[in-house]
Structure formats: structure tokens, C-alpha cells
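Participant: Quick one: structure below, then a few questions.
Chains as they are written, first to last, in our numbering: chain A, 9 to 348; chain B, 4 to 518.
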């Protein structure tokens, strides 16, 4: 080994500036500023305390769900059932309050988490142990959980007037002007973002989604990791259900319906790849915020309702197209580097 | 090396000793009563045809499969692996043919996944992780940025990442499953340098390869397997190519390169001044009926690109392609096919076959429009065509309705051939026809090509396998960096001459010639 050959072209790592500019998070923040300021110029009321507060409250539930969804998406799976979990959790928590008006709020949150974890473990068992494709398994449970909700509700609904004031107060309360729900969502988001970035367990989500076969060979228990991801996604959705009840007060059997697609859209716009292994929670959270701001801006600008959905869809397509363009260009560049 | 060859196995404790291991999958006995000892500092070759049970064997050592019966001793301690993690912990590292890495994660994380160095509160210490991996890569003599993603690395670099992983685990048993199948000559050379360094530190390396030249150049001992059973083990000096092949195949193979007398017909394929910017320029040659012409050169010299441009897959900036008298318009595979051109692509799994479809469907893919009766497919014609070609090519398959993925590599290649021969071509381009195919199947593919040429087909063969080029081709065209740099007749051709043209360097050619 005296004549070791070191390849002449030691690839230089790109500088911090170009890395920064390439990061999805930076372009999301830029887009956010553009939309916010643009709308505010046309209608200054857009930045009023009340409307910002409303916007953040709306986004907080989506942002919370995005955390669980990202865990699942990173592993190259998907959880469509979250919206039904939100609905069932919201209604059952409401029923509990109706039956026991004195129940403390933390207990309600724990109940939501627990219920969600149970529902999530059904998905987990199907996907991790039953090897059912996540799309099919969670599409099934989406309907099953919703069906259970209809059966339990049987035409009734929970009204704000039936809920104890302590719980409604939690929903409308705030700390230093920041609503409780927003604080909770941000805390969960930051906690998981940190976990995914800097902990061995968090990195396993990326490893499983990037190459599950290699993950097995690297000694990762893929089955257990998949199970954990779905349980967490369910638990977070259950928690979001309690927050949904606290935010809206009035809940019927359709509560939360359709949320799942908004959540997946937010994650994808935020740079989480549906092919697994790529994405950050910071990006996903920003994606949720951007979609929320867009929706709210369109309302402020008096755009007809259907434009909102169309623009959400267009944003999603733009995000995916940009991702593909970027990765194709990167692949081409790497290929040319090899040739030269 | 001589010390190793003379050493007394009784006096040195083996690093790993597997004895009398068996494994069955349902009714299939994949492995029965196989034993092997690996000693410190040796490179040991494990040889056998595809389906001989080598992969099962490796997976038992890797902890992926559980052995049935027998015993396993690693570093003097008896072991029984339930998971890949346990094999890793015992110091066994496997480098698979296709590297098993996480493309989206950084090089450093790939090396240390699950063992990332941690700072306070259990957080991953990225700086320490990158420093550790930089150090490991330096030991291997490679410069890779540990923070770059693995996606985009060449196969060779990915293998080095795998080896870095093995080093980081202090593995002293390294098992490499066909590590050189996808490497260029210089990459192979670099890999063997690394392997020699590992052996000098006392590691044992188990090689699985189809390239016998490498075995004789790099290994000290050999174990041959056939049909899931152990055949022989001994020092390399006790073996020669003929013996190894005979033991692997279990019968006399006949000639590996059955190229008989040929009769040349009229010009079937004529290429004039073919060019494509950045890829190749001014390529001109002819192939006659009954002739096998090899297109040799290093990987990346532009050979496959020329084939793709002739076939109309890639655009060309200039030049002319004729099949017989007909000029083929560029950018149209349809025109090329109807003029009588067939292309057996380099990567049969990705480009040559639809792996989940049946043998019959695959064989008929190129002539679907000929097999229709009105709107619907003519089932009878489909079955007849597939039956016809698969029996002519002596395809070994259970049923033609079995998925093509159930076949061995050599038989898969025959299905690709059947697909193109169905189109009744006058010119067949074959790109790396025997890559990843075992020696028995290789001989059959060669026989088939020779017979096809004898029946009047013009064959253009792209191959990186020098013995194959020398053994099969009537003429050898050599490409270097997108240029056609020379032509050798069968009489003039030898390894040194081809390598000299391919690399433009004497030194390289000598080395290859000596190997």
C-alpha cells in the first residue's frame, strides 16, 4: 500500500451560501413573505391582530397533523386516515365532556393521544406486520374510522354550549398573545424536528424510507420503526382532534373530513418527498403555513372560493415539478462530473 | 502469499469456521452440508454457478438466513446469528453486489448508521461523525466528502463507502459478493489494493466472483460449490481454470468460445461518420453477414452510446446508418427495427425485460403488432412464437407462463435474445451479453451467438470481458474516449494489443496482459 492513489477530483463541498440558497426552507420563507406583504399592501387588514390570530389557529391543527404525516411519509408510506382519527377523537372527547363536565383539560388531551395511538396501531399492524400497502390500508381505515364516528354520533352533534367553560377557555386562551393551540403545535413540531434531525431514532425514519432493505442490513428493526411511525401519526391526529374540538366547539360526524389531503399537500409543498427519505419538519411546517396564508390571502382579496382549491393544487404541482427538475439537474451534473 | 499457501491450517486458528451447514426453503434444498474455514490474512474465493447456493451461503453468514444444523465458530467462539445486527457485531461485514446504502443520507451517516457518535443529551455529534468517516476514508486512500449524499456516487465509490462501514465495525471477516461486476479496470485495481491492505492487517476476505482471472491473481485459496453442496477446497496452486470450471459445472463444458469457421456474406450494417456531441465522433465501420464484430474499450469510451444512436434511441448529430441498402432515419427505433436491427441491451433487468411478465410475454414484446388477429392478441400465435424461439435457444424453464424473474441470469439473457430473434433481424447488437452470467450459461450464450452468426446474422458485440472479445470476435474495433482508435483482426488480437488501443498506454496494457 505504498502507492495509494487518491482520486484527483476530491469533490469540494458546496459553500454554506449555495447550500442555504438551495434549501427548500429558504424559498418557502421567501414565498411566504411575498404573499403576506403583497396581500397586506392591497388590504392592510390582512396583517391585523385578529386575522393573523385566526390564520395561525387554523394552521396549527394542520401543522400538528403534518408532523405525524411527515414521520410516515419519510418511511415511504402515507397515512390517509388522520382526518377520520381527528373526527372520532373530537367527537368522543366531546362526549366525555358532556358526560363528565368536570374532567380536567390535560386528561382530555391524554385521552385524545391514547385514542389516536390505538387507531394508529391498527394502521401500523396492517402496514408493518400485515405488509398491506399503506395507501390501501389507511384508505380502508379512513372509511372504517369515519364509519365508527357516524355510528357513535348517530345523527347527533356536540355543541359548544355542552362543553365546560374550562375547556373552551383552553381553546381560546393564549400566553403572551400567542394562542394555546399554536403554542402546542409549535412545541410538538420543534420537538419532533429536533428528534428527526439529531437523534439516532429520528435518523432511522430517513434510513427506512431511503432504502428499507439496507435499513434491515444496518440492523434497524424496520417493522418496529414502521409501527412506531403509524402509532405516532395516529396519536398526534388524536391530539389534533381534541384541539379541533377546542377550536370549533361544535362537532358533528363529518368533523375533519378532507383534512388528510391538505396535510399531505402541506408536507409535499414543504419538501417532504412522497418517495421517502427526504424532507424536514421545518419545511413541512412552513408548507402548512404557506398553504394557510395563501388560503387566507385569497379570502382577503375576495377571490371566489373555488380559486383557493385550484391555487392549492397548483402550488402542489409546482412544488413537485421543481423537486423533479432539481433532482434531474443534479443527476445530470453528477453524471457529467464522472465523465470529465 | 507463499507462506499462506504452505501454512498448516491446524496450527492457525481460523477467524471463521462454518461446518456442515444446511438450509432449505420449503421443499427446495438450497444448501446441504457445506463447510468453510477462513484464516487471517487470506483472500478466499467462493466459486460456483448461479444457483449453486453461494448467495444462501453468504446470507447465512450475514445473519439474514438461519442455518439448519452444523456449527459456526467466529474467532474461537461458537455463534448463531438471528439477525444481520448480530453478524455485524461478531465482526462479519458483507459487501453486496449492489451496494445497500441510503441514497438520501450523507456518506458519513451511511457508514455509521445506528452508531453515530453522540454528544450531550444523546444528540448526534455531526462534526465528530464526519471527522471519523473522513479518517476511515483516508485509511482507504479515497477522498470523498463525508457530508455529501450517497446519491450520485459511482458504484465503485459506493463500494468503498461499504468498505469504510466494515472498517468502522472493526470487521475482520469481509465477504464480497461479485464486487467487480460493475467496475472499470482502474476501479477494480483500486478495490484490490484496498483488499490487500485489509489482508495485511489480518482480515480474511471471502470473494464471490465470476471472473476467474481475478481469482488466480488475488486469492490464496478456493472453495468450489455446486448445486448447494461443497465440492472442493484447496490452495490456488492446486487449481487451474479448466479444473475450476469442471468442478463448478460438474461436466465437461466443451469450448467456452465456440467460434468456428465463418463465411462472410454481404455488408449488413454500415455506419458512416456517426457523431454525437460530447459522446463520440466520426465512427465508421461495417459488419457483414455471418460476422461477429466486437466493439471493445473501457467503460465510458462511448460504445453503448454508439449502439444506442445506431438503434435510434439517442439522437445523432451527423453520419449515416445503413442496414443492407436501406438508409435508417435517425431517432426512430421503429425504423431501425423494421429495417432488421435488434438490440440486446446492456442491463437486461432494466432495459431488456419486464421482470414480472411471463417468459412468453417477454419473448413476444417486440412483435406485438404481428401477433394480433384483428383487435385482440392472437393467443395461438403468441404461444407458437415463444415456443419456437425458446426451444431453439434451449431455454431451461419450467413453464413459459412463469415470470421471467424466476429464471437464472443466463436464461433471462436467452429470453432477451428470443425477443429480438422473433423480429427476424439481419443485424443484432448485443451489449455486454454475459455480464453477471455464470460460466456455464456464458458458454451457452456464446454458442448461441456463434450459431446465429453461422446462420447469416451480422452480430455487433459490445463487451468489457477481454477473453470474450478475443474468443468470439472475428474483428475487434477499439474505442477510446469517443473515437474509434483501431481495428484488429482475429489473428492480430491479443489482450495487450486491445488494452493498448483502449487505454493508449503501454504500462496498462502490460499489466492487463500479465494478469
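Built from N, CA and C at the ideal position, the CB exists for glycine as well.
Just so you know, these numbers come straight off a predicted model, no measurement behind them.
(1) Quick check on residue 447 of chain B: buried or exposed, where buried means 16 or more other Cβ atoms within 10 Å of its Cβ?
(2) Could you please tell me which residues of the stretch 104 to 133 of chain B, in chain order, have their CB closer than 7 Å to any CB of chain A?
(3) Rank A/74, A/41, A/308 and A/334 by C-alpha distance to the C-alpha of residue 238 of chain A and give the top, closest one.
(4) Under 8 Å, Cβ to Cβ, is there at least one residue of chain A near residue 87 of chain B?
(5) Quick check: the Cα distance between residue 331 of chain A and residue 276 of chain A, rounded to an integer number of angstroms?
(6) With a threshold of 8 Å between beta carbons, is residue 207 of chain A in contact with chain B?
(7) Could you give the residue range of the beta strand (DSSP E) that holds residue 270 of chain A?
(8) Is there contact between the stretch 15 to 30 of chain B and the stretch 56 to 75 of chain B, where contact requires at least three CB pairs shorter than 8 Å?
(9) Whole angstroms are fine: how far does the CA of residue 369 of chain B sit from the CA of residue 358 of chain B?
(10) For residue 285 of chain A, return the contacting residues in chain B, with the cut-off set at a CB-CB distance below 9 Å.
(11) On the premise that residue 504 of chain B lies in contact with residue 481 of chain B, defined as a C-beta separation below 8 Å, what is that separation, rounded to the nearest angstrom?
(12) Do you know how far the Cα of residue 229 of chain B is from the Cα of residue 52 of chain B?
(13) Check the DSSP bridge columns for residue 80 of chain B and list the partner residues they point to.
(14) Quick one: is residue 334 of chain A near chain B, going by C-beta distance under 8 Å?
(15) If you pair each beta-carbon of the stretch 256 to 275 of chain A with each one of the stretch 117 to 129 of chain A, do three or more pairs fall below 8 Å?
(16) Since residue 91 of chain B meets chain A, which of its residues come closer than 9 Å, beta carbon to beta carbon?
(17) Does the beta carbon of residue 232 of chain A come closer than 8 Å to any beta carbon on chain D?
(18) How many Å lie between residue 278 of chain B and residue 465 of chain B at the Cα?
(19) For residue 275 of chain B, which of helix, strand or coil comes out of DSSP?
(20) Secondary structure at residue 465 of chain B, three-state DSSP: helix, strand or coil?
(21) Measuring CB atoms only, is the stretch 28 to 37 of chain B touching the stretch 57 to 66 of chain B, in the sense that at least three cross pairs come out at less than 8 Å?
(22) Taking a contact to mean a Cβ-Cβ separation below 8 Å, would you say residue 254 of chain A touches residue 175 of chain A in this structure?
(23) Taking a cut of 8 Å between CB atoms, which residues from the stretch 211 to 224 of chain A lie near chain B?
(24) What are the start and end residues of the alpha helix (DSSP H) that includes residue 177 of chain A?
(25) Output the distance between the C-alpha atoms of residue 112 of chain B and residue 501 of chain B, rounded to the nearest integer angstrom.
(26) Let me check one thing: in DSSP terms, what residues is residue 299 of chain B bridge-paired to?
(27) Where are the alpha helix (DSSP H) runs, 4 residues long or more, that stay fully inside the stretch 179 to 234 of chain A, in chain order?
(28) Would the beta-carbon of residue 323 of chain A fall within 8 Å of that of residue 299 of chain A?
(29) Do residue 209 of chain A and residue 82 of chain A have their CB atoms nearer than 8 Å?
(30) Is the stretch 152 to 167 of chain B close to the stretch 180 to 195 of chain B, with three or more CB pairs under 8 Å?
(31) How about residue 261 of chain A and residue 274 of chain A: do their beta carbons lie closer than 8 Å?
(32) Cβ of residue 132 of chain B within 8 Å of Cβ of residue 297 of chain B?
(33) Below 8 Å between beta carbons: does that hold for residue 418 of chain B and residue 433 of chain B?
(34) Which runs of the alpha helix (DSSP H), 4 residues or longer, sit entirely within the stretch 416 to 461 of chain B?
(35) Quick one: Cα of residue 224 of chain B to Cα of residue 478 of chain B, how far?
Facilitator: According to the structure shown:
(1) For the purposes of this step, residue 447 of chain B is taken as residue 444 along the second chain, with counting starting at 1. Classification for residue 447 of chain B: buried.
(2) 104, 105, 106, 107, 108, 112, 116, 117, 119, 125, 126 and 127
(3) The residue you call residue 238 of chain A lines up with position 230 of the first chain. Comparing Cα positions, the closest option is A/74.
(4) Position 84 of the second chain, counting from 1, holds the residue named residue 87 of chain B. Yes, residue 87 of chain B lies at the interface with chain A (some Cβ there is under 8 Å from its Cβ).
(5) For the purposes of this step, residue 331 of chain A is taken as the residue at position 323 of the first chain. For the purposes of this step, residue 276 of chain A is taken as the residue at position 268 of the first chain. In a straight line, the C-alpha of residue 331 of chain A is about 10 Å away from that of residue 276 of chain A.
(6) Sequence index remark: in the first chain, residue 207 of chain A carries index 199 (1-based). Residue 207 of chain A counts as touching chain B.
(7) Locating residue 270 of chain A in the first chain gives position 262, counting from the first residue. Taken as a continuous stretch (DSSP letters only), residue 270 of chain A belongs to no beta strand (DSSP E), being part of the alpha helix (DSSP H) at 267 to 277.
(8) yes
(9) Against the second chain, residue 358 of chain B aligns to sequence position 355. Against the second chain, residue 369 of chain B aligns to sequence position 366. Answer to the nearest angstrom: the Cα atoms are 15 Å apart.
(10) Translated into the one-based positions of the first chain, residue 285 of chain A becomes position 277. In chain order: 105, 106, 107 and 108.
(11) On the second chain, residue 481 of chain B is found 478 positions in, with the first residue counted as 1. On the second chain, residue 504 of chain B is found 501 positions in, with the first residue counted as 1. Correct: roughly 4 Å between the Cβ atoms.
(12) Along the second chain, one-based indexing puts residue 52 of chain B at 49. Along the second chain, one-based indexing puts residue 229 of chain B at 226. One C-alpha to the other measures close to 7 Å.
(13) Reading the second chain from its first residue, position 77 is the one you call residue 80 of chain B. Paired residue(s): B/77.
(14) For this step, residue 334 of chain A is matched to residue 326 along the first chain. No, no contact with chain B.
(15) no
(16) Start at 1 with the first residue of the second chain, and residue 91 of chain B comes out as number 88. Within chain A, the residues near residue 91 of chain B are 225, 226 and 227.
(17) You won't find chain D in this structure, because its protein chains are A and B.
(18) Counted from its first residue, the second chain places residue 278 of chain B at position 275. Counted from its first residue, the second chain places residue 465 of chain B at position 462. Their backbone Cα atoms lie some 18 Å apart in a straight line.
(19) Reading the second chain from its first residue, position 272 is the one you call residue 275 of chain B. Strand.
(20) Along the second chain, read from residue 1 onward, the residue named residue 465 of chain B stands at position 462. DSSP places residue 465 of chain B in strand when its eight states are reduced to three.
(21) yes
(22) By one-based count along the first chain, residue 254 of chain A stands at place 246. By one-based count along the first chain, residue 175 of chain A stands at place 167. Cβ distance < 8 Å, so residue 254 of chain A and residue 175 of chain A count as in contact.
(23) 211, 212, 214, 215, 217, 218, 219, 221, 222, 223 and 224
(24) Residue mapping note: residue 177 of chain A aligns to position 169 of the first chain, counting from 1. First-last of the alpha helix (DSSP H) with residue 177 of chain A: 173 to 180.
(25) Taking the second chain and counting its residues from 1, one reaches residue 112 of chain B at position 109. Taking the second chain and counting its residues from 1, one reaches residue 501 of chain B at position 498. Using only the alpha carbons, I get a separation of about 42 Å.
(26) In the second chain, the residue the question calls residue 299 of chain B occupies position 296. For residue 299 of chain B, which the question treats as bridged, DSSP gives the partners B/481.
(27) 188 to 206, 208 to 218 and 220 to 225
(28) Indexing the first chain from 1 puts residue 323 of chain A at position 315. Indexing the first chain from 1 puts residue 299 of chain A at position 291. Taking 8 Å as the Cβ cut-off, residue 323 of chain A and residue 299 of chain A qualify as a contacting pair.
(29) Translated into positions along the first chain, residue 209 of chain A becomes position 201. Translated into positions along the first chain, residue 82 of chain A becomes position 74. Taking 8 Å as the Cβ cut-off, residue 209 of chain A and residue 82 of chain A do not qualify as a contacting pair.
(30) yes
(31) Start at 1 with the first residue of the first chain, and residue 261 of chain A comes out as number 253. Start at 1 with the first residue of the first chain, and residue 274 of chain A comes out as number 266. Their beta carbons are not under 8 Å apart, which means residue 261 of chain A does not touch residue 274 of chain A by this criterion.
(32) Taking the second chain and counting its residues from 1, one reaches residue 132 of chain B at position 129. Taking the second chain and counting its residues from 1, one reaches residue 297 of chain B at position 294. Contact: no.
(33) Indexing the second chain from 1 puts residue 418 of chain B at position 415. Indexing the second chain from 1 puts residue 433 of chain B at position 430. No, they are not a contact pair.
(34) 442 to 457
(35) In the second chain, counting from the first residue as 1, residue 224 of chain B sits at position 221. In the second chain, counting from the first residue as 1, residue 478 of chain B sits at position 475. Approximately 37 Å between the Cα atoms of the pair.
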